[in-house]
Amino acid sequence: MRIDHALATRRPFFSFEFFPPKNDEGQNQLFRTIETLCALHPSFVSVTYGAGGSTRARTTTLTKQIQNEIGLTAMAHITCIGHSRRELRDIFYDLENAGIENILALRGDAPRGESFAPAADGFAYASELVAMLAREFSFTVGGAAYPEKHLEAQSFEADLQHTVLKVRAGAKFLITQLFFDNEYYFAFVKRARTAGISVPILPGIMPITSFEQIARLTAMCGAAIPPKLYAELHARADQPDAVKELGVSYATLQCQDLLARGAPGIHFYTLNKSPATRAVVSALLAASAWQPVPRRELRAL
(Lines of atoms letter the chains of each structure in order from A; the text may use other names.)
(Lines give C-alpha, C1' and ligand atoms only; values in the text may rest on other atoms or scores of the structure.)
Protein backbone atom coordinates (compact mmCIF):
# COMPACT_ATOMS: atom_id res chain seq x y z
CA MET A 501 0.00 0.00 0.00
CA ARG A 502 1.14 3.53 -0.67
CA ILE A 503 1.93 5.23 2.62
CA ASP A 504 0.08 8.46 1.85
CA HIS A 505 -3.09 6.42 1.15
CA ALA A 506 -2.62 4.44 4.37
CA LEU A 507 -2.17 7.65 6.38
CA ALA A 508 -5.44 8.96 4.99
CA THR A 509 -7.47 5.84 5.75
CA ARG A 510 -5.91 3.70 8.47
CA ARG A 511 -6.23 3.95 12.25
CA PRO A 512 -4.41 2.94 14.33
CA PHE A 513 -1.29 3.75 12.34
CA PHE A 514 2.02 2.33 13.55
CA SER A 515 5.21 1.81 11.57
CA PHE A 516 8.61 0.35 12.41
CA GLU A 517 12.12 1.22 11.29
CA PHE A 518 14.98 -1.27 10.91
CA PHE A 519 18.60 -1.07 9.79
CA PRO A 520 20.46 -3.60 7.60
CA PRO A 521 22.44 -6.07 9.78
CA LYS A 522 26.17 -6.44 9.27
CA ASN A 523 26.33 -10.25 9.56
CA ASP A 524 24.28 -13.46 9.53
CA GLU A 525 23.67 -13.36 13.27
CA GLY A 526 22.25 -9.86 12.98
CA GLN A 527 20.17 -10.93 9.99
CA ASN A 528 18.64 -13.79 11.97
CA GLN A 529 17.93 -11.46 14.90
CA LEU A 530 16.25 -8.95 12.61
CA PHE A 531 13.94 -11.52 11.05
CA ARG A 532 12.98 -12.78 14.50
CA THR A 533 12.14 -9.18 15.39
CA ILE A 534 10.08 -8.73 12.24
CA GLU A 535 8.22 -11.98 12.88
CA THR A 536 7.33 -10.79 16.39
CA LEU A 537 6.25 -7.31 15.30
CA CYS A 538 4.18 -8.62 12.36
CA ALA A 539 1.51 -9.57 14.91
CA LEU A 540 0.98 -5.85 15.57
CA HIS A 541 -0.01 -5.27 11.90
CA PRO A 542 2.22 -2.28 11.12
CA SER A 543 1.10 0.02 8.34
CA PHE A 544 4.62 -0.14 6.92
CA VAL A 545 8.22 -0.83 7.85
CA SER A 546 11.27 1.03 6.64
CA VAL A 547 14.92 0.14 6.10
CA THR A 548 17.66 2.70 6.69
CA TYR A 549 20.67 3.61 4.57
CA GLY A 550 24.14 3.73 6.14
CA ALA A 551 26.25 6.87 6.36
CA GLY A 552 27.79 7.62 3.00
CA GLY A 553 25.50 5.10 1.32
CA SER A 554 27.47 2.30 2.98
CA THR A 555 24.56 -0.17 3.13
CA ARG A 556 23.13 0.50 -0.32
CA ALA A 557 22.95 -3.13 -1.48
CA ARG A 558 21.76 -4.44 1.89
CA THR A 559 19.09 -1.75 2.15
CA THR A 560 17.51 -2.51 -1.21
CA THR A 561 17.80 -6.30 -0.79
CA LEU A 562 16.24 -6.23 2.67
CA THR A 563 13.43 -3.90 1.58
CA LYS A 564 12.52 -6.27 -1.26
CA GLN A 565 12.71 -9.32 1.02
CA ILE A 566 10.42 -7.82 3.65
CA GLN A 567 7.79 -6.82 1.11
CA ASN A 568 7.92 -9.72 -1.32
CA GLU A 569 8.69 -12.61 1.05
CA ILE A 570 7.08 -11.50 4.33
CA GLY A 571 4.24 -9.45 2.86
CA LEU A 572 4.64 -6.17 4.75
CA THR A 573 4.59 -2.82 2.99
CA ALA A 574 8.26 -1.81 2.96
CA MET A 575 9.92 1.54 2.33
CA ALA A 576 13.58 2.02 1.44
CA HIS A 577 15.56 5.00 2.75
CA ILE A 578 17.75 6.35 -0.05
CA THR A 579 20.31 9.14 0.37
CA CYS A 580 21.95 11.55 -2.04
CA ILE A 581 25.40 11.18 -0.55
CA GLY A 582 27.94 9.18 -2.51
CA HIS A 583 25.72 8.65 -5.57
CA SER A 584 25.51 10.21 -9.00
CA ARG A 585 22.10 10.78 -10.54
CA ARG A 586 22.64 7.79 -12.83
CA GLU A 587 23.42 5.54 -9.86
CA LEU A 588 20.31 6.77 -8.04
CA ARG A 589 18.16 6.10 -11.10
CA ASP A 590 19.51 2.55 -11.28
CA ILE A 591 18.56 2.01 -7.62
CA PHE A 592 15.05 3.33 -8.21
CA TYR A 593 14.50 1.27 -11.36
CA ASP A 594 15.52 -1.84 -9.40
CA LEU A 595 13.15 -1.05 -6.53
CA GLU A 596 10.32 -0.12 -8.90
CA ASN A 597 10.71 -3.39 -10.81
CA ALA A 598 10.53 -5.28 -7.49
CA GLY A 599 7.17 -3.71 -6.65
CA ILE A 600 8.40 -1.24 -4.02
CA GLU A 601 6.08 1.78 -3.97
CA ASN A 602 7.48 3.96 -1.17
CA ILE A 603 10.80 5.80 -0.76
CA LEU A 604 12.12 8.00 2.04
CA ALA A 605 14.33 10.53 0.26
CA LEU A 606 17.18 11.92 2.36
CA ARG A 607 20.29 14.00 1.85
CA GLY A 608 22.20 11.61 4.09
CA ASP A 609 24.99 11.92 6.62
CA ALA A 610 28.67 11.77 5.81
CA PRO A 611 30.76 9.06 7.52
CA ARG A 612 31.85 10.06 11.02
CA GLY A 613 34.61 12.65 10.98
CA GLU A 614 33.84 13.82 7.45
CA SER A 615 31.76 16.73 6.15
CA PHE A 616 29.00 16.39 3.57
CA ALA A 617 29.86 16.97 -0.08
CA PRO A 618 27.64 16.05 -3.05
CA ALA A 619 28.93 13.41 -5.44
CA ALA A 620 29.91 14.33 -8.96
CA ASP A 621 26.65 14.81 -10.88
CA GLY A 622 24.80 14.16 -7.62
CA PHE A 623 22.44 16.14 -5.41
CA ALA A 624 23.27 18.51 -2.58
CA TYR A 625 19.79 18.56 -1.02
CA ALA A 626 17.03 16.08 -0.29
CA SER A 627 14.56 18.37 -2.08
CA GLU A 628 16.45 17.77 -5.34
CA LEU A 629 16.19 14.01 -4.87
CA VAL A 630 12.47 14.32 -4.09
CA ALA A 631 11.97 16.39 -7.25
CA MET A 632 13.68 13.77 -9.44
CA LEU A 633 11.57 11.00 -7.92
CA ALA A 634 8.36 12.97 -8.43
CA ARG A 635 9.31 13.82 -12.00
CA GLU A 636 10.60 10.45 -13.22
CA PHE A 637 9.06 7.72 -11.06
CA SER A 638 5.72 6.73 -9.54
CA PHE A 639 6.83 6.18 -5.93
CA THR A 640 5.12 7.75 -2.95
CA VAL A 641 7.95 9.85 -1.52
CA GLY A 642 8.47 10.83 2.10
CA GLY A 643 10.92 13.22 3.71
CA ALA A 644 12.55 13.83 7.08
CA ALA A 645 11.61 16.56 9.54
CA TYR A 646 13.44 17.86 12.60
CA PRO A 647 11.34 19.21 15.51
CA GLU A 648 14.49 20.43 17.26
CA LYS A 649 16.02 21.44 13.87
CA HIS A 650 18.75 19.71 11.93
CA LEU A 651 22.17 20.02 13.58
CA GLU A 652 23.57 21.81 10.52
CA ALA A 653 20.69 24.30 10.20
CA GLN A 654 21.48 27.86 11.23
CA SER A 655 17.99 28.46 12.64
CA PHE A 656 14.54 26.92 13.03
CA GLU A 657 13.31 29.08 10.15
CA ALA A 658 16.12 28.02 7.82
CA ASP A 659 15.47 24.38 8.67
CA LEU A 660 11.73 24.80 8.06
CA GLN A 661 12.37 26.30 4.63
CA HIS A 662 14.28 23.16 3.62
CA THR A 663 11.24 21.14 4.69
CA VAL A 664 8.94 23.40 2.67
CA LEU A 665 11.09 22.80 -0.41
CA LYS A 666 10.87 19.02 0.04
CA VAL A 667 7.08 19.15 0.22
CA ARG A 668 6.81 21.50 -2.76
CA ALA A 669 9.06 19.12 -4.70
CA GLY A 670 6.64 16.24 -4.10
CA ALA A 671 7.05 14.72 -0.62
CA LYS A 672 3.67 13.29 0.43
CA PHE A 673 4.45 12.78 4.13
CA LEU A 674 7.15 13.57 6.68
CA ILE A 675 8.72 11.49 9.47
CA THR A 676 10.40 13.30 12.33
CA GLN A 677 13.68 12.62 13.99
CA LEU A 678 13.32 11.08 17.45
CA PHE A 679 12.36 13.41 20.31
CA PHE A 680 11.38 13.05 23.96
CA ASP A 681 9.45 16.27 24.59
CA ASN A 682 6.15 16.32 22.70
CA GLU A 683 6.02 20.10 22.77
CA TYR A 684 8.83 20.17 20.21
CA TYR A 685 6.68 18.08 17.87
CA PHE A 686 3.53 20.16 18.26
CA ALA A 687 5.45 23.42 17.93
CA PHE A 688 7.02 22.10 14.72
CA VAL A 689 3.66 21.01 13.32
CA LYS A 690 2.25 24.48 14.05
CA ARG A 691 5.16 26.17 12.27
CA ALA A 692 4.86 23.74 9.36
CA ARG A 693 1.13 24.39 8.92
CA THR A 694 1.69 28.14 9.08
CA ALA A 695 4.33 27.76 6.36
CA GLY A 696 1.81 25.96 4.13
CA ILE A 697 2.86 22.36 4.73
CA SER A 698 -0.31 20.24 4.79
CA VAL A 699 1.07 16.69 4.44
CA PRO A 700 0.90 14.25 7.39
CA ILE A 701 3.78 14.55 9.86
CA LEU A 702 4.54 11.25 11.61
CA PRO A 703 6.31 11.58 14.97
CA GLY A 704 9.37 9.36 15.33
CA ILE A 705 9.67 7.68 18.73
CA MET A 706 12.44 5.55 20.23
CA PRO A 707 11.66 3.73 23.49
CA ILE A 708 14.74 4.07 25.68
CA THR A 709 16.37 0.72 26.52
CA SER A 710 19.91 1.79 27.49
CA PHE A 711 21.14 4.90 29.29
CA GLU A 712 24.53 4.89 27.55
CA GLN A 713 23.01 4.25 24.14
CA ILE A 714 20.44 7.02 24.32
CA ALA A 715 23.02 9.50 25.65
CA ARG A 716 25.21 8.69 22.64
CA LEU A 717 22.38 8.87 20.10
CA THR A 718 20.98 12.17 21.35
CA ALA A 719 24.45 13.72 21.29
CA MET A 720 24.79 12.66 17.65
CA CYS A 721 21.41 13.95 16.45
CA GLY A 722 20.79 16.91 18.77
CA ALA A 723 17.62 15.61 20.44
CA ALA A 724 17.17 16.82 24.03
CA ILE A 725 16.24 14.58 26.95
CA PRO A 726 13.93 16.45 29.37
CA PRO A 727 15.75 17.13 32.67
CA LYS A 728 13.34 15.10 34.82
CA LEU A 729 13.57 12.10 32.51
CA TYR A 730 17.36 12.39 32.39
CA ALA A 731 17.55 12.48 36.18
CA GLU A 732 15.42 9.34 36.48
CA LEU A 733 17.48 7.55 33.83
CA HIS A 734 20.74 8.61 35.47
CA ALA A 735 19.53 7.31 38.84
CA ARG A 736 19.00 3.89 37.21
CA ALA A 737 22.13 3.94 35.04
CA ASP A 738 23.54 0.82 36.70
CA GLN A 739 20.19 -1.00 36.60
CA PRO A 740 19.60 -1.99 32.94
CA ASP A 741 16.20 -3.58 33.56
CA ALA A 742 14.99 -0.52 35.45
CA VAL A 743 16.11 1.73 32.58
CA LYS A 744 14.14 -0.41 30.11
CA GLU A 745 11.03 -0.34 32.31
CA LEU A 746 11.21 3.44 32.60
CA GLY A 747 11.87 3.79 28.87
CA VAL A 748 8.84 1.71 27.91
CA SER A 749 6.59 3.51 30.38
CA TYR A 750 7.74 6.94 29.22
CA ALA A 751 7.35 6.07 25.53
CA THR A 752 3.84 4.72 26.15
CA LEU A 753 2.77 7.94 27.86
CA GLN A 754 4.48 10.00 25.18
CA CYS A 755 2.70 8.14 22.36
CA GLN A 756 -0.65 8.28 24.13
CA ASP A 757 -0.33 12.06 24.41
CA LEU A 758 0.73 12.42 20.77
CA LEU A 759 -2.24 10.40 19.51
CA ALA A 760 -4.72 12.11 21.82
CA ARG A 761 -3.58 15.50 20.51
CA GLY A 762 -3.94 14.60 16.85
CA ALA A 763 -0.75 12.94 15.62
CA PRO A 764 -1.64 10.72 12.62
CA GLY A 765 0.28 7.72 13.98
CA ILE A 766 3.64 6.73 15.44
CA HIS A 767 6.85 5.70 13.66
CA PHE A 768 9.04 3.59 15.97
CA TYR A 769 12.82 3.43 15.80
CA THR A 770 13.24 -0.20 16.86
CA LEU A 771 17.04 -0.66 16.70
CA ASN A 772 16.16 -4.11 15.27
CA LYS A 773 14.76 -5.31 18.60
CA SER A 774 11.14 -6.08 19.42
CA PRO A 775 10.42 -6.14 23.20
CA ALA A 776 10.23 -2.38 23.92
CA THR A 777 8.30 -1.48 20.76
CA ARG A 778 5.99 -4.46 21.19
CA ALA A 779 5.23 -3.45 24.79
CA VAL A 780 4.44 0.15 23.86
CA VAL A 781 2.26 -0.68 20.86
CA SER A 782 0.44 -3.46 22.75
CA ALA A 783 -0.44 -1.00 25.52
CA LEU A 784 -1.66 1.58 23.01
CA LEU A 785 -3.79 -1.03 21.24
CA ALA A 786 -5.25 -2.27 24.53
CA ALA A 787 -6.18 1.29 25.49
CA SER A 788 -7.43 2.25 21.99
CA ALA A 789 -5.23 5.30 22.50
CA TRP A 790 -5.90 6.72 19.03
CA GLN A 791 -9.63 7.12 19.71
CA PRO A 792 -10.78 10.41 21.26
CA VAL A 793 -12.58 10.13 24.60
CA PRO A 794 -16.27 11.14 24.25
CA ARG A 795 -17.12 14.37 26.06
CA ARG A 796 -19.62 12.68 28.34
CA GLU A 797 -16.88 10.33 29.53
CA LEU A 798 -14.54 13.26 30.10
CA ARG A 799 -17.15 14.91 32.34
CA ALA A 800 -17.45 11.72 34.36
CA LEU A 801 -13.72 11.47 35.06
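When the letters of the sequence shown are read in order and numbered with this note's numbering, they come out as residues 501 to 801. All C-beta atoms in this analysis are idealised placements derived from N, C-alpha and C, irrespective of residue type, glycine included.
- Beta-bridge annotation (DSSP): residue 781 is not paired with any residue.
- Sorting 664, 608, 726 by C-alpha distance to the C-alpha of residue 651 places 608 at the top.
- Within the model, the alpha-carbon separation for residue 635 versus residue 502 is close to 17 Å.
- The continuous alpha helix (DSSP H) containing residue 662 extends over residues 656-669.
- Only residues of its own chain outside the window of five on either side were considered, and among them 774, 778 have a CB closer than 8 Å to the CB of residue 536, listed in chain order.
- For residue 515, the enclosing beta strand (DSSP E) starts and ends at 514-518.
- When secondary structure is reduced to three states using DSSP, residue 775 falls in the helix class.
- Within the DSSP secondary-structure output, residue 547 pairs in a beta bridge with 518, 576.
- Residue pairing by DSSP leaves residue 734 without any beta bridge partner.
- In summary, residue 786 is exposed, with fewer than 16 beta-carbon neighbours lying within 10 Å of its beta-carbon over all protein chains present.
- Of the other Cβ atoms in all chains shown, 16 or more fall within 10 Å of the Cβ of residue 709; this residue is therefore buried.
- Between residue 545 and the set 508, 600, 783, 687, the nearest pair of CA atoms involves 600.
- Here the segment 721-728 does not lie against the segment 688-695, with fewer than 3 beta-carbon pairs under 8 Å apart.
- The secondary-structure analysis by DSSP pairs residue 602 across a beta bridge with 575, 640.
- Taking all protein chains in view, the Cβ of residue 746 is crowded by 16 or more other Cβ atoms within 10 Å, so the residue is classified as buried.
- A residue is called buried when at least 16 other Cβ atoms come within 10 angstroms of its Cβ; residue 734 does not meet this threshold and is exposed.
- Rounded to the nearest whole angstrom, the CA to CA distance from residue 763 to residue 776 is 21 Å.
- When C-beta atoms of the segment 553-563 are compared with those of the segment 518-525, three or more pairs fall below 8 Å, so the two segments count as touching.
- Across the structure, residue 589 and residue 704 are spaced so that their CA atoms are roughly 28 Å apart.
- Annotation for residue 531: the continuous alpha helix (DSSP H) segment containing it runs 524-538.
- Residue 713 is classed as exposed because its beta carbon has fewer than 16 other beta carbons within 10 Å across all chains shown.
- Within the segment 681-730, the complete alpha helix (DSSP H) runs of at least 4 residues fall at 682-694, 711-721.
- DSSP, reduced to helix, strand and coil, places residue 766 within a strand of the structure shown.
- Excluding the 5 residues flanking it on each side, residue 585 has same chain C-beta neighbours closer than 6 Å at 621, in chain order.
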